[in-house]
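Data block below; observations after.
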Amino acid sequence: MPLVTTKQMLLDAQKGNYAVGAFNVENMEMVMAVMEAAEELKSPVIMQTTPSTVKYAGLDFFLANVKAAAERASVPVAMHLDHGSSFELAMQAYRTGYTSIMIDGSHGSFEENIAVSKAVADACTPSGIPVEADDNPYTDPDQAVEFVKRTGITSLAVAIGTAHGVYKGEPKLDLDRLSEIREVVDIPLVLHGTSGVPDETVTECVNRGICKVNYATDLRIAFTKGVSEVFSENPDVIDPKKYNACGKERV
Ligand code: 13P
């Protein structure tokens, strides 16, 4: 089926008390792996790319891969810009055909973050393209309410103690803060930095209102392990299909 937006997907998740997996894809094999897993689980799925991934090959390249996967699929698939780093990049993704956009203005002041998030939401939401934003490091429930109200975003990434990349030790999440945010914010909530968070903690986050869970590092590790396995067994392999297939399998 054609790509869908994350709008209905996340509203359905919020209503049904579950979360949709959002996976960072960095090559064709990762797209294929995520698609196969989603089909197997009969689950809607979000694929996403960060600015650095986009810089490597272009928005159109990744969109084409995910679009092809979606068209063969029987489950809904959305293509999301992860951590859009500027208004310009968000607009490029929107024009290229991404069906969901994140703008991350969290490096600026609260007011700057509101201004850029609102500008992206104003540009995208009238045509049905949903916008996720991040009020990190401020996620205080009252500020979250103000942030959502003043920006018009459609989903909110919450800062409750997760971080991107590999954790040293088990991450300590502020679950009570999550519940407090859920009580006062009525749009779908997003958990970033989910790789390495124990599954039971992720489940608890979902029970407390998370509707989208982002995984990147776990996929990178799995893919690289798979490729390395092939080379350690046979360093003379020259067919990229051979080692990429093993990477895909591990993802
Ligand atoms: P991890 O790399 O920790 O899984 O984080 C992914 C993420 O949040 C992408 O936005």
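Quick note: the sequence shown uses my numbering, first residue 30, plus one each step.
Glycine included, every Cβ here is placed at the ideal spot set by N, Cα and C.
With a threshold of 7 Å (Cβ to nearest heavy atom), would residue 127 be considered close to the ligand 13P? Every heavy atom of the ligand 13P is 7 Å or more from the Cβ of residue 127, so no.
What are the start and end residues of the beta strand (DSSP E) that includes residue 214? That residue, residue 214, is in no beta strand (DSSP E); it is neither H nor E in DSSP.
Using three-state DSSP, classify residue 244 as helix, strand or coil. Note: residue 244 maps to strand in three-state DSSP.
Do residue 245 and the ligand 13P come close, with the Cβ less than 7 Å from some heavy atom? Yes.
Test item: CB-CB of residue 111 and residue 78 under 8 Å: Their beta carbons are under 8 Å apart, which means residue 111 touches residue 78 by this criterion.
When the distance is taken between beta carbons, is residue 99 closer than 8 Å to residue 159? Against a cut-off of 8 Å, the Cβ pair of residue 99 and residue 159 comes out as no contact.
Within 10 angstroms of the Cβ of residue 262, are there 16 or more other Cβ atoms? Answer buried if so, exposed if not. That one is exposed.
My guess is that residue 202 and residue 189 are in contact by the Cβ rule of under 8 Å, so how many angstroms apart are they, rounded? Taking C-beta atoms under 8 Å as the contact rule, residue 202 and residue 189 qualify, at a distance of about 5 Å.
What's the gap between the Cα of residue 233 and the Cα of residue 265? Taking the Cα positions, residue 233 is about 46 Å away from residue 265.
Could you give the first and the last residue of the continuous alpha helix (DSSP H) run that contains residue 81? For residue 81, the uninterrupted alpha helix (DSSP H) run begins and ends at 80–86, by DSSP.
Name the one or two DSSP bridge partners that residue 220 has. Under DSSP, residue 220 forms a beta bridge with 242.
Buried versus exposed, by CB contacts within 10 Å (16 or more), residue 229: Of the other Cβ atoms in all chains shown, fewer than 16 fall within 10 Å of the Cβ of residue 229; this residue is therefore exposed.
Out of curiosity, what's the CA-to-CA distance linking residue 256 and residue 273? Their Cα atoms are separated by approximately 6 Å.
Suppose the cutoff is 8 Å on Cβ atoms and the five residues either side in sequence are ignored; what does the same chain contact list for residue 68 look like? Within the same chain, residue 68 has close Cβ partners 102, 103, 104.
Distance CB(residue 251)-CB(residue 280) smaller than 8 Å: Yes, Cβ-Cβ distance for residue 251 and residue 280 is below 8 Å.
Assign residue 25 to one of two classes, buried (16 or more other C-beta atoms within 10 Å of its C-beta) or exposed (fewer than that). In the structure as shown, the chain starts at 30 and stops at 280, and residue 25 therefore has no counterpart that could be examined.
With a threshold of 7 Å on Cβ separation, who are the neighbours of residue 180 within its own chain once the five nearest residues in sequence on each side are excluded? So the list reads 143, 146, 147, 150, 162, once near-sequence residues are dropped.
Grab me the residues of residue 206's own chain with a C-beta within less than 6 Å of its C-beta, minus the 5 sequence neighbours each way, in chain order. Hits under 6 Å: 189.
For residue 121 and residue 64, the rounded distance between their alpha carbons: If I take the Cα positions, the gap works out to 25 Å.
Report the three-state DSSP secondary structure of residue 132 (helix, strand or coil). Three-state DSSP puts residue 132 in a strand.
Taking 7 Å as the cut-off, is the beta-carbon of residue 53 closer than that to any non-hydrogen atom of the ligand 13P? If you check the C-beta of residue 53 against the ligand 13P, you find a heavy atom less than 7 Å away.
In chain order, what residues of the same chain have a beta carbon less than 7 Å from the beta carbon of residue 94, not counting five sequence neighbours either side? If you ignore the 5 residues before and after residue 94, its C-beta comes within less than 7 Å of the C-beta of 57, 60, all in its own chain and listed in chain order.
By DSSP, does residue 143 sit in helix, in strand, or in coil? Helix, per DSSP.
Quick one, are the C-beta atoms of residue 213 and residue 241 less than 8 Å apart? Residue 213 places its beta carbon 8 Å or farther from that of residue 241.
Do the CB positions of residue 33 and residue 86 come within less than 8 Å of each other? Contact annotation: residue 33 and residue 86 have beta-carbon atoms that are not nearer than 8 Å.
Where does residue 172 land, buried or exposed, given buried means 16+ other C-beta within 10 angstroms? Classification for residue 172: exposed.
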